[in-house]
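The listed protein sequences derive, respectively, from chains P and U. The numbers in the UniProt record's numbering rise by one with no breaks, and the one at position 379 of the first sequence is 379. The numbers in the UniProt record's numbering rise by one with no breaks, and the one at position 132 of the second sequence is 132. C-beta: ideal position from N, C-alpha, C; glycine also. Note that the coordinates shown come from a computational prediction; the quantities given were computed from them, not determined experimentally.
2 protein chains.
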Amino acid sequence: MENGRANMKPVTGISQVTCTAPVNIAVIKYWGKRDEQLVLPINPSLSVTLSQDQLCARTTVAASADFKRDRVWLNGQEQSVDAPRLQKCLGEIRRLARKRKHKDERAGDLLGSCVHVCSENNFPTAAGLASSAAGYACLVQSLAKLFHIDGDVSHIARQGSGSACRSMYGGFVEWTMGRLEDGADSVAKQVAPAEHWPELRVLVAVVNAGKKAVGSTEGMQTTVKTSALVKYRAEHVVPSRQEDMRQAILERDFQTFGEITMKDSNQFHATCLDTYPPIFYLNETSKHIIHLVHRYNRHHGKIKAAYTFDAGPNAVLYLLQDDVPEVLALLRHFFPPSSTNNSEREFVQGLPDANRKDLPAELLNSVGLEPSPGSVQYIIHTRAGQGPQVLTDPQQALLDEKGWPKKQN
Amino acid sequence: MENGRANMKPVTGISQVTCTAPVNIAVIKYWGKRDEQLVLPINPSLSVTLSQDQLCARTTVAASADFKRDRVWLNGQEQSVDAPRLQKCLGEIRRLARKRKHKDERAGDLLGSCVHVCSENNFPTAAGLASSAAGYACLVQSLAKLFHIDGDVSHIARQGSGSACRSMYGGFVEWTMGRLEDGADSVAKQVAPAEHWPELRVLVAVVNAGKKAVGSTEGMQTTVKTSALVKYRAEHVVPSRQEDMRQAILERDFQTFGEITMKDSNQFHATCLDTYPPIFYLNETSKHIIHLVHRYNRHHGKIKAAYTFDAGPNAVLYLLQDDVPEVLALLRHFFPPSSTNNSEREFVQGLPDANRKDLPAELLNSVGLEPSPGSVQYIIHTRAGQGPQVLTDPQQALLDEKGWPKKQN
């Protein structure tokens with residue numbers, strides 16, 4: 001018998017859906033809204049959806065006439081359902097269901113019911129790995145399935161968290177700015193599926209850091225308000241970069257892909273620094289990884305790895321499959337696990353059969369950094385992956401058959 | 001008897017001049033040349049000339065028919081006289097002397113002679129305190145006096161080191177971009193003398209740092225070549241800032257002066273980050289000082305201190321006389337001297353009668369940083385000061401009466 005649920009009458013009709021949704025990492029950065037309410041960006045952006053084998057959000061939603069009110073649990077904690085972005089997503093989904101109920105009766109059936117939402121990330125939120133993008137994509141996908149809404153709902157995910165719209169698709173995804181006032185054309189579109197570029201790999205270096213200085217919602221507001229450079233970036237730099245990046249992906253041109261990725265990450269952080277007061281997301285470890293990548297590429301005379309940083313110090317490196325052993329060995333050499341915290345196996349996640357690679361002395365000299373033990377907590381090895389998935393096995397649901405959070409293990 | 005000078009014949013005619021010249025700290029930053037040869041900037045800039053009581057360069061130049069070749073000593077070491085920027089300054093001075101010799105016979109008298117140049121900074125070059133600006137201003141001023149050249153020679157100092165032209169005047173100095181192809185109109189002009197704003201004070205926090213990553217000459221070349229933002233800054237942001245800054249100085253409006261100073265420093269560093277590969281001059285201590293200043297200002301509800309950073313991690317703070325004790329106490333609290341390296345007296349230079357000020361707990365809470373002992377090496381307290389000075393006392397010359405470097409103490 002669970003607390004507070006003793007007096008519930010037997011549930012008669014309950015609908016339930018469980019989905020997973022991926023993290024995405026932008027190579028053309030989103031920073032700045034032209035409309036805070038509708039979450040409309042000041043520039044288009046483009047990202048790679050990461051495999052859900054390593055990083056994903058999982059959400060179960062249930063609707064039942066027996067539920068007294070909408071309720072939400074996130075990572076084991078009940079949250080206020082009044083959070084504005086959550087309300088927007090719920091409201092938009094119900095509005096859409098209402099519009100469509102003449103087409104599909106089932107869409108309307110649940111409109112009288114309250115919903116229960118239970119969501120989890122399979123990675124620590126504090127790691128700063130775009131958890132809100134995966135989370136809102138997962139919420140919106142689950143609700144859309146629950147209400148039998150077909151077609152694109154990325155414009156709804158966008159209103160939960162801007163970059164969440166890009167997590168609605170797998171592979172390589174662009175978020176178009178849109179021109180309409182209601183934001184209906186500010187949506188995500190797949191540029192190419194994950195299978196398009198099978199050699200592409202991703203290393204996420206989770207960097208040891210203090211608390212995040214400025215949240216991204218507040219940060220981008222201040223940037224748009226105070227930076228002269230961000231407007232120029234949005235209007236005159238990003239549009240052609242977005243085109244060049246799309247082309248580079250279609251042609252699997254890693255040189256161009258890597259160069260634009262690094263330049264755009266740097267320019268995003270430059271606009272943060274041009275903000276008043278300035279915002280700093282990169283720390284000393286981030287800078288050392290940037291130096292490492294440039295010196296590594298210079299050593300080889302071409303781009304073999306490309307970094308990008310979101311609103312935090314974690315580095316995401318894009319590279320090709322063949323170079324993974326060397327780059328991993330370099331990271332391990334210059335950012336070794338601190339002896340007490342990490343075993344070797346825990347240090348690189350998602351790559352069970354990693355071959356240790358010996359690094360030539362000239363390469364180590366070319367990089368020429370002072371090794372900094374413990375400054376990288378761990379590394380996740382992953383690749384491009386699929387969009388949101390529906391899980392049909394009730395074992396994998398986060399709500400029980402009555403629509404209440406399962407006991408935590 | 002000094003080495004290598006034993007066989008010299010007695011000197012008959014020798015002319016000798018000794019000058020000092022100041023450091024200047026820009027509040028509108030110079031970063032980027034439109035002409036590398038002539039050192040013409042992509043935007044105007046504006047600086048405060050610092051008092052020579054704390055920081056200055058000193059140079060003695062001598063001309064004698066007995067000198068066999070031009071020779072240069074810098075901080076006790078003989079340097080190659082072939083350094084291009086040195087050659088440019090020497091060549092331009094002689095060209096000007098030649099043009100003017102019909103006006104003033106003395107200007108021509110020395111044209112057949114070689115020169116000896118001996119120069120020193122009264123502060124460590126490695127501290128990254130605009131030593132080349134003071135050095136080239138001092139060289140050009142001394143040579144101009146030696147060759148009896150009157151009038152503005154800031155366009156010559158500019159060709160030694162861009163920002164050196166601003167060290168040719170005291171107080172508040174602007175460097176106009178100029179439009180002429182030969183750069184004759186890209187010169188320094190005094191906006192107001194040092195006495196115009198007697199309450200203004202300057203604290204230079206010399207930050208402990210490793211070696212400088214990228215020299216400023218190379219750095220600004222790469223920025224101009226690779227940053228889309230720096231062009232926009234130069235053309236669309238700086239011109240109006242320069243105007244507003246000039247006005248703020250004329251009106252002694254510290255709020256505007258401080259805000260533009262901080263914004264322009266941040267934007268300069270933003271363009272460094274937008275460079276490819278990116279350039280980082282600020283370190284963690286620099287960032288902490290930035291946070292300290294913003295939180296301090298927020299605590300008081302107005303700008304009481306303004307930071308600016310050149311191509312390195314040292315912070316220069318502008319503030320008004322009355323706030324010096326509080327800001328010094330704050331710096332001392334959050335960046336205390338490491339117990340072994342610095343005595344209290346050495347920690348703050350240029351302020352013998354500093355009163356220790358007690359800081360209210362609310363202010364310390366508002367700043368809310370973790371104290372970081374030893375990250376600031378020392379602090380120089382100074383103010384706006386005069387332009388280059390001629391020293392007439394032969395005791396203060398760096399060359400002896402025969403034109404050779406005096407023995408070092």
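- Taking the Cα positions, P/LYS357 is about 11 Å away from P/ASP323.
- Contacts with chain U (Cβ-Cβ distance below 7 Å) from the stretch 96 to 119 of chain P involve no residue at all.
- P/ALA188 has P/TRP175 as its beta-bridge partners, per DSSP.
- By the beta-carbon neighbour count (other beta carbons within 10 angstroms, threshold 16), P/ASP264 is buried.
- For U/ILE380, the enclosing beta strand (DSSP E) covers residues 376 to 382.
- In terms of beta-carbon proximity, U/LEU330 stays away from the interface with chain P, with every pair separated by 7 Å or more.
- Under the DSSP assignment, U/VAL207 falls in the beta strand (DSSP E) whose first and last residues are 200 to 207.
- Of the candidates U/HIS236, U/ASN314 and U/GLU195, the residue whose Cα lies closest to the Cα of U/VAL48 is U/GLU195.
- Ranked by Cα distance from U/GLU259, the first of U/PRO44, U/PHE268 and U/MET245 is U/MET245.
- Looking at the backbone, the Cα of P/ALA26 and that of U/TYR30 are separated by about 33 Å.
- For P/GLU284, the nearest beta carbon of chain U is closer than 7 Å to its own beta carbon.
- Within the model, the alpha-carbon separation for U/TYR307 versus P/HIS333 is close to 37 Å.
- Burial check for P/ARG166: the Cβ neighbour count within 10 Å reaches 16 or more, so the residue is buried.
- Separation of P/SER375 and U/GLN242 (C-alpha to C-alpha, rounded to the nearest whole angstrom) is 42 Å.
- Using a CB distance below 9 Å, the part of the stretch 266 to 277 of chain P facing chain U consists of ASN266, GLN267, HIS269, ALA270, THR271, CYS272, LEU273, ASP274, THR275, TYR276 and PRO277, ordered along the chain.
- Less than 7 Å separates the beta-carbon of P/HIS155 from that of P/VAL187.
- Scanning the stretch 55 to 117 of chain U for uninterrupted alpha helix (DSSP H) segments of 4 residues or longer gives 84 to 100 and 105 to 109, listed from N- to C-terminal end.
- Chain order gives the chain U residues near P/LYS263 as TYR276, where near means a beta carbon separation below 7 Å.
- In the DSSP assignment, U/GLU120 is bridged to U/ARG58.
- Taking a 10 Å sphere around the C-beta of U/PRO41, we find 16 or more other C-beta atoms and assign the residue as buried.
- Taking all protein chains shown into account, U/THR392 has fewer than 16 neighbouring C-beta atoms within 10 Å of its C-beta and is therefore exposed.
- Between P/LEU273 and U/ALA270, the C-beta spacing is below 7 Å.
- Counting along the chain, P/ASN266 sits inside the alpha helix (DSSP H) bounded by residues 254 to 273.
- When DSSP states are grouped into helix, strand and coil, P/TYR281 belongs to the coil group.
- In the structure shown, U/ILE249 adopts helical secondary structure according to DSSP, grouped into three states.
- In the structure shown, P/TYR169 adopts coil according to DSSP, grouped into three states.
- For secondary structure counted as the alpha helix (DSSP H) over 4 or more consecutive residues, the stretch 303 to 350 of chain P holds these complete runs in sequence order: 324 to 334 and 344 to 347.
- Secondary structure note for P/LEU391: it is in no alpha helix (DSSP H), and the uninterrupted beta strand (DSSP E) holding it is 389 to 391.
- P/GLY13 and P/GLY171 have their C-alpha atoms roughly 37 Å apart.
- At a cut-off of 7 Å between C-beta atoms, U/ALA306 does not count as an interface residue with respect to chain P.
- Contact residues of the stretch 232 to 246 of chain U toward chain P are TYR232, ARG233, HIS236 and VAL237 (C-beta to C-beta distance below 9 Å).
- Assigned with DSSP and collapsed to three states, P/PRO394 falls in helix.
- Inclusion of P/ALA62 and P/GLN16 in the CB contact set at 7 Å is warranted, their separation being smaller than that value.
- Straight-line spacing of the CA atoms in P/SER366 and P/HIS299 works out to 6 Å.
- The beta carbon of U/THR256 is closer than 7 Å to those of ASP244 and ALA248 in its chain, skipping five residues each way along the sequence.
- Counting only Cβ-Cβ distances below 9 Å, P/LEU229 has contacts in chain U at LEU229, TYR232, ARG233, VAL237, GLN267, ALA270, THR271 and ASP274, in chain order.
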